[in-house]
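*Asks:* I'd like to ask some things about the structure below.
Number of protein chains: 2
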Amino acid sequence: MTRFEALVEVTLRPGIADPQGATIEKALAALGFDRISNVRAGKAFRLHVEAANEDEARKRVADLCQRFLTNPVIEDAAISLEPAAPADR
Amino acid sequence: MTRFEALVEVTLRPGIADPQGATIEKALAALGFDRISNVRAGKAFRLHVEAANEDEARKRVADLCQRFLTNPVIEDAAISLEPAAPADR
Numbered sequence: 084m085t086r087f088e089a090l091v092e093v094t095l096r097p098g099i100a101d102p103q104g105a106t107i108e109k110a111l112a113a114l115g116f117d118r119i120s121n122v123r124a125g126k127a128f129r130l131h132v133e134a135a136n137e138d139e140a141r142k143r144v145a146d147l148c149q150r151f152l153t154n155p156v157i158e159d160a161a162i163s164l165e166p167a168a169p170a171d172r
Numbered sequence: 084m085t086r087f088e089a090l091v092e093v094t095l096r097p098g099i100a101d102p103q104g105a106t107i108e109k110a111l112a113a114l115g116f117d118r119i120s121n122v123r124a125g126k127a128f129r130l131h132v133e134a135a136n137e138d139e140a141r142k143r144v145a146d147l148c149q150r151f152l153t154n155p156v157i158e159d160a161a162i163s164l165e166p167a168a169p170a171d172r
């Protein structure tokens, strides 16, 4: 068993309205931050998963995203994995 | 001017209680996802920034995080930058 650290970035799917991102973008312009565009707000989860190898870890996290962490109708999940640092175990 | 795509991952600082992450972790165990631990919930922002070079882009996004996207007392921001895909321009 190896312990992996997963980062799950949950974003709204293309075409789904993102009022939070739009509000941030408008506010940034009003606050003097110009040349900023395409602001999209999402969620980030970090978790440790124990699995025999990276493929199994990715499969388990993808299953978990599909069933629990995201609403697959409106959200996509991007998963990145790396071996957990020994200090985090 | 180059257009960069920035990913800002906002996480609670170490030692700050994360009730959302703790609730997810407990629920996962109850739902049959075992061997998952250290669940932390955070936010992810994606945005496009125009700047002369990557250093300037990073500096502008860091300033924006510090002043607007995070609460620096309890949150950390990790910034990653890459050139924006031409199709996104």
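Top line first, the protein sequences correspond to chains A and B.
When you read off a place in the first sequence, starting at 1, and then add 83, the result is the number in my numbering.
When you read off a place in the second sequence, starting at 1, and then add 83, the result is the number in my numbering.
From the three backbone atoms N, C-alpha and C, an ideal C-beta is built for every residue, glycine too.
1) Which bits of chain B does A:F116 rub up against, with CB to CB less than 7 Å?
2) Taking all protein chains shown into account, do 16 or more other C-beta atoms lie within 10 angstroms of the C-beta of A:R123, making it buried, or fewer, making it exposed?
3) Between the region 101-111 of chain B and the region 132-139 of chain A, do three or more beta carbon pairs fall short of 8 Å?
4) Output yes if chain A places a C-beta closer than 8 Å to the C-beta of B:I162; else output no.
5) Given A:V93, which residues of its chain have a CB within under 6 Å of its CB, disregarding the five upstream and five downstream residues?
6) When we look at the beta-carbon of B:R96 and count the other beta-carbons within 10 Å, is it buried (16 or more) or exposed?
7) Between B:T106 and chain A, is any beta-carbon pair separated by less than 8 Å?
8) Quick check: what's the CA-CA separation for A:V144 versus A:P155?
9) Can you name the residues that DSSP bridges to B:G125?
10) Could you tell me whether any Cβ in chain B is nearer than 8 Å to the Cβ of A:E133?
*Replies:* With the structure as the only source:
1) The residue you call residue 116 of chain A lines up with position 33 of the first sequence. L147, listed in chain order.
2) Mapped onto the first sequence, residue 123 of chain A falls at position 40. By the neighbour-count rule (16 or more Cβ atoms within 10 Å), A:R123 is buried.
3) Under the Cβ criterion (8 Å, minimum of three pairs), the region 101-111 of chain B does not count as touching the region 132-139 of chain A.
4) The count along the second sequence starts at 1 and reaches residue 162 of chain B at position 79. Not an interface residue.
5) Stepping through the first sequence from its first residue, residue 93 of chain A is reached at position 10. Same-chain partners within the cutoff: G125, K126, T153, E158, A160.
6) The residue you call residue 96 of chain B lines up with position 13 of the second sequence. Counting the other Cβ atoms within 10 Å of the Cβ of B:R96 gives fewer than 16, which makes it exposed.
7) Looking up residue 106 of chain B in the second sequence gives position 23. Cβ-Cβ to chain A under 8 Å: no for B:T106.
8) By 1-based counting over the first sequence, the position of residue 144 of chain A is 61. By 1-based counting over the first sequence, the position of residue 155 of chain A is 72. Their Cα atoms are separated by approximately 14 Å.
9) If you number the second sequence from 1, residue 125 of chain B lands on position 42. Paired residues: A:A127.
10) Locating residue 133 of chain A in the first sequence gives position 50, where the first residue counts as 1. For A:E133, at least one C-beta of chain B is nearer than 8 Å to its own C-beta.
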